[in-house]
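Participant: Numbering (our numbering), first residue to last: -12 to 196.
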Amino acid sequence: MPGLFISFEGTEGCGKSTQLKALAARLSGAGHDVVETREPGGTVLSEAIRTLLQHDPAGEGMCPETELLLFAASRAQHSRACIQPAIKANKVVLCDRFMDSTTVYQGVARSLSTQRVDEINKFAVGESIPDLTVLIDLAPEIGLARVRSRGTGELDRMEREALDFFQAVREGYLRLAATEVHRFIIIDGDQSPETLEKEIWDGVKQRLT
Ligand code: Z5A
-12 MPGLFISFEG TEGCGKSTQL KALAARLSGA GHDVVETREP GGTVLSEAIR
38 TLLQHDPAGE GMCPETELLL FAASRAQHSR ACIQPAIKAN KVVLCDRFMD
88 STTVYQGVAR SLSTQRVDEI NKFAVGESIP DLTVLIDLAP EIGLARVRSR
138 GTGELDRMER EALDFFQAVR EGYLRLAATE VHRFIIIDGD QSPETLEKEI
188 WDGVKQRLT
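Structural data, given as structure tokens:
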């Protein structure tokens, strides 16, 4: 089977990482060679940029334009050093967030020019356009409550945004998915992990056959 690129998108805490792992296990069980990766991140350089974007005090007060370009820089390296070689080697790449996160977080929620964001996204991704994107739709209040209850109590730079920001993100995703119905599968995130897993597997199988 030729290589395949599937991205996962959604608001904070919607269950992407959990479902990406579940889909990876199902695909591996079906005999596929699967690569699990994430954004920002996925290469040593891209992970260093992730630290700047989310955790490093140097990132505090970052302007939206810098944020956009750092996400794009991380992606340019990730696309060329990880995703494209894996696809060429006929692997299935599962990526936790990709270019749609930039369209929605920087373009919609940060109100940067849509045209600029699109151009920068295209430049960064190169040949790596997802064949399929799983959008897990969830009210941000629910996702943020999950994130706040899971860990150290410390929120990263992006997680400290106000609820309005995440509401704009959610609406941005739904509008984007409506313009690219062939690429997106929308799943209701307010269900059990087992139900989500089954719906995603059914959706992926349907699109792949
Ligand atoms: N960002 C951007 O602005 N522009 C870009 O171009 C890119 C990213 C690529 C990356 O965050 C941040 O960067 C993100 C967007 C921005 N910022 N925000 N805010 P990240 O990688 O650190 O985290 P995330 O991707 O936003 O999400 P997450 O915290 O990793 O959550 P998740 O992957 O969606 O969910 P999860 O880890 O699978 O589950 C979260 C918790 O809920 C966990 O305790 C689970 O056990 C629980 N869970 C999972 N599923 C369920 C269900 N179904 N029911 C109940 N509980 C559940």
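Think of the CB as a built atom: it goes at the ideal place given N, C-alpha and C, for glycine as much as any other residue. As the structure is a computational prediction, the values presented were derived from the model and not from experiment.
(1) Give me the Cα-Cα distance between Gly18 and Thr53, rounded to the nearest whole angstrom.
(2) Taking Glu23 as part of the alpha helix (DSSP H), name the residues at either end of that continuous run.
(3) Please go through the same chain and pick out, in chain order, the residues whose beta-carbon is closer than 6 Å to the beta-carbon of Ala76, but skip the five residues on each side of it.
(4) Tell me the start and end of each unbroken alpha helix (DSSP H) in the region 43 to 113 that is at least 4 residues and wholly inside, in chain order.
(5) For Gly18, report the span of its beta strand (DSSP E) as first-last.
(6) Starting from Gly190, trace the alpha helix (DSSP H) both ways and give me its first and last residue.
(7) Assuming Thr(-2) contacts Pro180 under a Cβ cut-off of 8 Å, what Cβ separation, rounded to an integer in Å, is found between them?
(8) Any heavy atom of the ligand Z5A inside 8 Å of the beta-carbon of Pro180?
(9) Can you give me the C-alpha to C-alpha distance between Gly16 and Gly2, rounded to a whole angstrom?
(10) Count the CB pairs spanning the region 88 to 100 and the region 129 to 142 that are closer than 8 Å, and state whether there are at least three.
(11) What first and last residue would you give for the alpha helix (DSSP H) that runs through Asp151?
(12) Between the region 62 to 75 and the region 113 to 125, are three or more C-beta pairs nearer than 8 Å?
(13) Is it buried or exposed for Cys50, if we count other Cβ within 10 angstroms and need 16 for buried?
(14) Measuring CA to CA, which of Arg162, Asp124, Leu7, Glu23 is closest to Glu184?
(15) Among Thr30, Asp43, Gly46, Ser98, which has the Cα closest to the Cα of Arg67?
(16) In angstroms, rounded to a whole number, what distance separates the CA positions of Asp43 and Ser33?
(17) How far does the beta strand (DSSP E) with Ser(-6) in it reach, from first residue to last?
(18) To which residues of the same chain is Ile36 closer than 7 Å at the C-beta, ignoring the five residues directly before and after it?
Facilitator: On the basis of the supplied data:
(1) C-alpha separation (whole angstroms): 41 Å.
(2) For Glu23, no alpha helix (DSSP H) run applies; the uninterrupted beta strand (DSSP E) run containing it begins and ends at 21 to 25, by DSSP.
(3) Around Ala76: no qualifying Cβ.
(4) Runs of alpha helix (DSSP H) with 4 or more residues, each lying fully within the region 43 to 113, are found at 51 to 65, 71 to 75, 101 to 112, listed in chain order.
(5) It is not in any beta strand (DSSP E) - Gly18 carries neither H nor E in the DSSP assignment.
(6) Run containing Gly190: 180 to 195, per the alpha helix (DSSP H) assignment.
(7) Not quite, the Cβ-Cβ distance comes to about 17 Å (not below 8 Å), so this is no contact.
(8) Of the heavy atoms belonging to the ligand Z5A, at least one sits nearer than 8 Å to the Cβ of Pro180.
(9) Taking the straight line from one Cα to the other gives about 21 Å.
(10) By the Cβ test, the region 88 to 100 is not in contact with the region 129 to 142, since fewer than three Cβ pairs between them sit closer than 8 Å.
(11) Counting along the chain, the alpha helix (DSSP H) containing Asp151 begins and ends at 150 to 166.
(12) When C-beta atoms of the region 62 to 75 are compared with those of the region 113 to 125, three or more pairs fall below 8 Å, so the two segments count as touching.
(13) Classification for Cys50: exposed.
(14) For Glu184, the nearest C-alpha among the options comes from Leu7.
(15) Of the listed residues, the one whose Cα sits closest to Arg67 is Thr30.
(16) Taking the straight line from one Cα to the other gives about 14 Å.
(17) Unbroken beta strand (DSSP E) run through Ser(-6): -9 to -3.
(18) Only Pro27, Leu57, Ala60, Ser61 meet the Cβ criterion.
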